[in-house]
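Peer 1:
Chains as they are written, first to last, in the UniProt record's numbering: chain A, 1 to 272; chain B, 1 to 311.
1. Could you please tell me which residues of the segment 245–263 of chain A, in chain order, have their CB closer than 7 Å to any CB of chain B?
2. Using a Cβ-Cβ cut-off of less than 9 Å, list which residues of the segment 104–137 of chain A approach chain B; keep chain order.
3. In the DSSP assignment, find the alpha helix (DSSP H) that holds residue 95/B and state where it starts and stops.
4. For residue 208/A, decide whether its Cβ has a neighbour in chain B, counting only Cβ atoms nearer than 8 Å.
5. Under 8 Å between the Cβ atoms of residue 73/A and residue 223/A?
6. Whose Cβ in chain A lies nearer than 9 Å to the Cβ of residue 80/B?
7. Which residue comes first and which comes last in the alpha helix (DSSP H) that contains residue 218/A?
8. Which residues of the segment 104–122 of chain B have a Cβ closer than 8 Å to any Cβ of chain A? Give them in chain order.
9. Can you grab the Cα-Cα spacing for the pair residue 227/B / residue 248/A, in whole Å?
10. For a contact meaning CB atoms closer than 9 Å, what does residue 235/A contact in chain B?
11. Do residue 169/A and residue 179/A count as a contact pair if the criterion is CB distance below 8 Å?
12. Shorter than 8 Å from the beta carbon of residue 261/B to some beta carbon of chain A?
13. Using the rule of at least 16 other Cβ atoms within 10 Å of the residue's Cβ for burial, across every protein chain shown, is residue 52/A buried or exposed?
14. Examine the Cβ distances between the segment 117–126 of chain A and the segment 96–109 of chain A and report whether three or more of them are shorter than 8 Å.
15. Taking the Cβ atom as the reference point for each residue, do residue 185/B and residue 113/B lie within a distance shorter than 8 Å?
16. Where do the ends of the alpha helix (DSSP H) carrying residue 276/B lie?
17. Can you give me the C-alpha to C-alpha distance between residue 156/B and residue 168/B, rounded to a whole angstrom?
18. Measure from the C-beta of residue 212/A to each C-beta in chain B and report whether the shortest distance is under 8 Å.
19. Taking 6 Å as the limit between beta carbons, can you name the residues of its chain near residue 37/A, skipping five residues before and five after?
20. Work out the CA separation of residue 303/B and residue 311/B for me, nearest whole Å.
21. Would residue 242/A pass as an interface residue toward chain B - the criterion being a Cβ-Cβ separation below 8 Å?
22. Please name the residue, chosen from 65/A, 57/A, 56/A, 18/A, that lies closest to residue 28/A on a Cα-to-Cα basis.
23. Please report whether the beta-carbon of residue 101/A lies at a distance below 8 Å from any beta-carbon of chain B.
24. Put residue 42/B into one of helix, strand or coil per three-state DSSP.
25. Name, in chain order, the residues that DSSP records as bridge partners for residue 279/A.
26. Let me know the secondary structure DSSP gives residue 161/A once reduced to three states.
27. Quick check on residue 9/A - is its C-beta less than 8 Å from some C-beta in chain B?
28. Is residue 205/B close to chain A? Criterion is C-beta to C-beta, closer than 8 Å.
29. So the alpha helix (DSSP H) residue 312/B belongs to, where does it begin and stop?
30. Going along the segment 230–253 of chain B in order, which residues come within less than 9 Å of chain A, judged by CB to CB distance?
31. Can you tell me whether residue 28/B is helix, strand or coil according to DSSP?
32. Taking Cβ-Cβ distances shorter than 9 Å, what residues in chain B pair up with residue 228/A?
33. Just to make sure I have the definition right: I need the residues of chain A whose C-beta is within less than 8 Å of the C-beta of residue 143/B. Which are they?
34. Please list, in chain order, the residues of the segment 165–193 of chain A that have any C-beta partner in chain B closer than 9 Å.
35. Measuring CB atoms only, is the segment 190–204 of chain B touching the segment 122–131 of chain B, in the sense that at least three cross pairs come out at less than 8 Å?
36. Report the neighbours of residue 313/B on chain A: residues whose CB is nearer than 8 Å to its CB, in chain order.
This is the structure in structure tokens:
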């Protein structure tokens, strides 16, 4: 499967973009030319220079450094959100699919309710009630996303439940935990990865949108959405401020979307 | 037919009850004591006595379900109480003042979405893999990866700052609705163009198209009369869902363009911890959602005779 993926040029390029972005984010201290939060009134809106490769913002902070530090909340918080969503969705989905009966019915009704409510309203509701801040944004995103995974994983579990090798495992008396971890999860994993990759773009957009509105990551932490929000205030005098963070989001989100599409094509060639 | 509609309408009642319960429960999940918040936003020092008095005033010391039913009874009379921030303003007054602006924005955007995405989607399907189709697909791809607030500020910069042809925000000046409506509709246009294109392509491989071709009908007639009709039917469900998404999607756009609608009201209420307003917003969105679903289901049912036997 990895070999097949390597042959797909788009997948390879997007994977390189994503991985290198992550590396830059991890080693932000070493790579960033300046301190992202160091303000300097004399250097306000500086042009591109040796010291500030992308210029400075309204407080004289280095834009490139802020962009690099901004990778951390954007990518790692999104990945954390996705990971929690998948874990929660898998637990609920496997429970529902494996036990069936009344437990399954009850879980699926809750899932239906969660799925039917518009996601943006749900996020606003949770953030509105629990207060402004990135922690609550992440909780809200998990709260609305897990249901998708629960439903998908449940249907996969039901699909695989009648396969011969699982029936055989049951016949020789393998424990439930063994069947689920050794036979079910590896099969389901590939589908989950595709869905998660496609959803990463959505999560990045959603977190940055909320930070743009001031509900997520709080100043002075560098975050792309928050940077765009600051850039918006100086739209008439310094319009160039809004280019860098916008393109950063665009490139990262489209990389995840393209990678997700390629992964799907590789994993099930029927559905192209 | 009539039976189905009655059945469908009857389901709405328990759903509305569920939504109202969610909206009520959410406000009780607040980590802070609501009485204290109500005092704080009005700059009153929350002493024991004051909190107790406020609890009495807000009815917070009654049992849980008692409070829910009291609240529900008031809600049915459209009485959501008063805003915490402006004590003399009712929540329903705040919402009804800002709702028309949001509905106006959402309606205009919906029309843009329909009138742009149907022709483009059809053309893309008819001229599949042509240059036009490829350019549109590229634009759609960029459109889904671009944050819509960035599109919004880019539009402001281009049309309001650079070209100075349209106002930057507000809804007082003439033509002020153009930019927010375009910014709002762009995301949905990319979704619907793709949806319609794929639906058309799927329908084109069906047997009835092949049969129509065998009968010697003109290509244009087949596409307009048969394929388009069938494809649009399946798109109606998605379009109906999008009404709510459009209304809730206005939150971001309204904030960028200072459009005085419910989205901006909601965000400022979140910042001010004006819980009754947030609660009313959630309830309103939930009910709007239920009714849109109802209407879509009924229209869908009317349009597609194949569904009649199943139900």
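Beta carbons are placed, not taken as given, at the ideal position from N, Cα and C, and that holds for glycine. The structure displayed is predicted, hence computed values, not measured ones.
Peer 2: By the coordinates alone:
1. 246, 249, 250, 253, 254, 257
2. 113, 116, 117, 118, 119, 120, 121, 122, 124, 125, 126, 127, 128, 129, 130, 131, 132
3. 91–126
4. yes
5. yes
6. Those within 9 Å of residue 80/B in chain A number zero; the least Cβ separation is about 15 Å.
7. From DSSP, residue 218/A is part of no alpha helix (DSSP H); its letter is neither H nor E.
8. none
9. 40 Å
10. 153, 156, 157, 160, 161, 168
11. yes
12. no
13. buried
14. no
15. yes
16. 275–303
17. 6 Å
18. yes
19. 220
20. Low confidence applies to residue 311/B: its pLDDT is 43, below 50, so where it sits in the model is not reliable enough to give any reading.
21. yes
22. 65/A
23. no
24. coil
25. Outside the displayed range of chain A (1 to 272) lies residue 279/A, so it cannot be described from this structure.
26. helix
27. no
28. no
29. The requested residue 312/B does not occur in the structure, where chain B is confined to residues 1 to 311.
30. 241, 244, 245, 247, 248, 249, 251, 252
31. coil
32. 147, 149, 150, 153
33. Simply none; closest approach about 10 Å.
34. none
35. yes
36. Nothing about residue 313/B can be reported from this structure: the residues present for chain B run from 1 to 311 only.
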